[in-house]
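S.K.: Residues 1214 to 1557 in the working numbering are what the sequence shown lists, from first letter to last. Built from N, CA and C at the ideal position, the CB exists for glycine as well. Keep in mind the model is a prediction, meaning the values are calculated, not measured.
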Amino acid sequence: MSGTGILQRQRAGRAVVAATVVAMGVAMTGVALTNSFPTHDAETTIGPSPAGPAQDLPRTDIGWSPLTALTLVDPRDHGAIAGDGVDDSNALQAAIDHLGASGGLVYFPDGQLFEIHHSLRLAQDHVKLWSPSGNGGVAQLDGPEAGQHAILCDETDGCGFFGLRMEAEASRRLDSLLDHQITLDGAVNSEILGNDISGSAATGIFVFGGSENTRIVGNYVHHTWADGIHFTDGSRQAHVWRNVMYNEAPTLGDDGIACVTYGDAPRCRDMEWWDNLVLGNGQGRGLAVVGGERIHIHNNFVSHTAAAGILVASESSYHTSSSSEILIERNVVYGAGQTVSHPG
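1) Check whether the Cβ atoms of N1512 and G1466 lie closer than 7 Å to each other.
2) For the candidate residues H1311, S1529, Q1353 and A1314, whose alpha-carbon lies nearest to that of I1329?
3) Can you tell me whether DSSP reads V1545 as helix, strand or coil?
4) Could you check whether L1365 and S1344 sit closer than 7 Å to each other, using their CB atoms as the reference points?
5) Is it the case that the Cβ atoms of V1491 and G1504 are separated by a distance below 7 Å?
6) Report the option in A1295, P1288 and F1327 whose CA atom is closest to the CA atom of I1309.
7) If distances are taken between C-alpha atoms only, which option among H1436, G1522, R1482 and V1434 comes closest to A1451?
8) Give the straight-line distance between the Cα atoms of H1532 and Q1325, rounded to the nearest whole angstrom.
9) Under 6 Å Cβ to Cβ from A1336, same chain only, skipping five residues before and after it: list those, please.
10) Buried or exposed for D1254, please, with buried defined as at least 16 other CB atoms from any protein chain shown within 10 angstroms of its CB.
11) Taking 8 Å as the limit between beta carbons, can you name the residues of its chain near G1316, skipping five residues before and five after?
12) Roughly how many whole angstroms lie between the Cα atoms of D1409 and V1434?
13) Less than 7 Å between the C-beta atoms of L1305 and A1293, yes or no?
14) Just mark D1392 as buried or exposed, buried being the case when its beta carbon has 16 or more other beta carbons within 10 Å.
15) Pull up the CB-CB distance for S1332 and E1380, whole angstroms please, since I reckon it's below 8 Å.
16) Assign G1548 to one of two classes, buried (16 or more other C-beta atoms within 10 Å of its C-beta) or exposed (fewer than that).
17) Which residues mark the beginning and the end of the beta strand (DSSP E) in which D1367 is found?
18) Over the uninterrupted alpha helix (DSSP H) stretch that includes I1410, give me the two end residues.
19) Under a three-way DSSP split, which group does L1305 fall into?
20) Relative to the C-alpha of G1497, which candidate in G1469, D1388, Y1475 and G1347 has its C-alpha closest?
21) How would you write the range of the beta strand (DSSP E) that Y1433 sits in, first residue to last?
22) Let me know the alpha helix (DSSP H) ranges lying completely inside the segment 1436-1491, each 4 residues or longer, listed in chain order.
23) Nearest to S1424 by alpha carbon, out of V1546, G1296, F1444 and V1515?
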């Protein structure tokens, strides 16, 4: 797909999202990079406070503050040039690695999309990828069957994604750990806030390997071949708040938000999903728990999904686990079961 095609697709998707939000009377607010999140004990039970869930969202990365002095790197200083049709993967990896053990910010300038033809790895703690304008980021443009384009937080403490545009051009579904756009593998205290994630060959945001204490807030995840947001393999303690998942049937999109546990792996657990919008998909559910425990799902809006709007189940054909202590309340489901007649 051409750059013009991506732009037209995004504009169409945003128009649908905007119309739906206005119709619901919901104000989707942006996410600012500040240190003003209210705090509470991260070990308390996941769930809304009496003051409401919006007042109950703590910072996760208590070892780092964006208001303190820190190292900032610009990928252009390491050879990245946006818009020249050349792979910037190595330059971006050099910028990330330049931060060293103390971490810091990788700065993505306004309107600058750097091409990546293979995955990037964050291995040191407290590295944040940041576009203050919300209009800088990466484009995965390595052919019509692009994959292996993930930005991977690999057993990190405090990795972050703030305001990035992440665009891909995948034309078929893939399923490896590096085919997603953001992958957390054994990461703790991660924050994924206010990003525009589109066109993934697999999942938009994939949380794996027992990742713990994750905040996924205010993201627009759209035109993905697999799920919008997916937790598995013992991932735990996550807040998923005010995200929009948009996909167009009949081809694109599996589950909007999912927790799935396979075989004897530990169940994903202790999560809250609220105030999210799931708007259409080609083959999945809106919100799905297939092997999870202690998950609170409330105040979400789900429409025009291929299968169930909200599902809690065990699927023997996929060797998935059972679920327990799943609380579902005050959600709106409209137009579910568009193409799939069975419950799942």
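M.R.: In short:
1) To locate residue 1512, count along the sequence shown from 1; it is residue 299. To locate residue 1466, count along the sequence shown from 1; it is residue 253. Cβ atoms of N1512 and G1466: not closer than 7 Å.
2) In the sequence shown, the residue the question calls residue 1329 occupies position 116. Looking at the Cα atoms, Q1353 is the closest of the given residues.
3) As a first step, residue 1545 must be located in the sequence shown, where it is residue number 332. Strand, per DSSP.
4) Start at 1 with the first residue of the sequence shown, and residue 1344 comes out as number 131. Start at 1 with the first residue of the sequence shown, and residue 1365 comes out as number 152. Result no, Cβ atoms of S1344 and L1365 do not sit closer than 7 Å.
5) As a first step, residue 1491 must be located in the sequence shown, where it is residue number 278. As a first step, residue 1504 must be located in the sequence shown, where it is residue number 291. Cβ distance not < 7 Å, so V1491 and G1504 don't count as in contact.
6) The residue labelled residue 1309 in the question sits at position 96 within the sequence shown. Among A1295, P1288 and F1327, the Cα nearest to that of I1309 belongs to P1288.
7) Within the sequence shown, the letter at position 238 stands for residue 1451. Nearest C-alpha to A1451: R1482.
8) If you number the sequence shown from 1, residue 1532 lands on position 319. If you number the sequence shown from 1, residue 1325 lands on position 112. Taking the straight line joining both Cα atoms gives about 43 Å.
9) Reading the sequence shown from its first residue, position 123 is the one you call residue 1336. If we look at A1336 and ignore the five residues flanking it on each side, its Cβ neighbours are D1367.
10) Walking along the sequence shown from the start, residue 1254 turns up at place 41. Residue placement at D1254 is flagged as unreliable, the pLDDT there being 35, under the threshold of 50; the coordinate-derived value follows with that caveat. Flag for D1254 reads exposed.
11) For the purposes of this step, residue 1316 is identified with residue 103 of the sequence shown, where counting begins at 1. Closer than 8 Å at Cβ, skipping near neighbours: W1277, L1283, T1284, Q1337, D1338, H1339, V1340, K1341 and G1371.
12) In the sequence shown, counting from the first residue as 1, residue 1409 sits at position 196. In the sequence shown, counting from the first residue as 1, residue 1434 sits at position 221. Taking the straight line from one Cα to the other gives about 6 Å.
13) One-based indexing of the sequence shown puts residue 1305 at position 92. One-based indexing of the sequence shown puts residue 1293 at position 80. Taking 7 Å as the Cβ cut-off, L1305 and A1293 qualify as a contacting pair.
14) Taking the first residue of the sequence shown as 1, we reach residue 1392 at position 179. Label assigned to D1392: buried.
15) Taking the sequence shown and counting its residues from 1, one reaches residue 1332 at position 119. Taking the sequence shown and counting its residues from 1, one reaches residue 1380 at position 167. Contact doesn't hold; Cβ gap of about 15 Å is too wide.
16) Locating residue 1548 in the sequence shown gives position 335, counting from the first residue. With fewer than 16 other Cβ atoms within 10 Å, it is exposed.
17) Reading the sequence shown from its first residue, position 154 is the one you call residue 1367. Counting along the chain, the beta strand (DSSP E) containing D1367 begins and ends at I1364 to D1367.
18) Along the sequence shown, one-based indexing puts residue 1410 at 197. First-last for I1410: D1409 to S1411, but that is the beta strand (DSSP E), not the alpha helix (DSSP H).
19) For the purposes of this step, residue 1305 is taken as residue 92 along the sequence shown, with counting starting at 1. It is helical.
20) Against the sequence shown, residue 1497 aligns to sequence position 284. Nearest of G1469, D1388, Y1475 and G1347 to G1497, Cα basis: G1469.
21) Indexing the sequence shown from 1 puts residue 1433 at position 220. Start and end: Y1433 to H1435.
22) none
23) Here residue 1424 is taken as the residue at index 211 of the sequence shown, counted from 1. Residue F1444 is the option with its Cα nearest to S1424.
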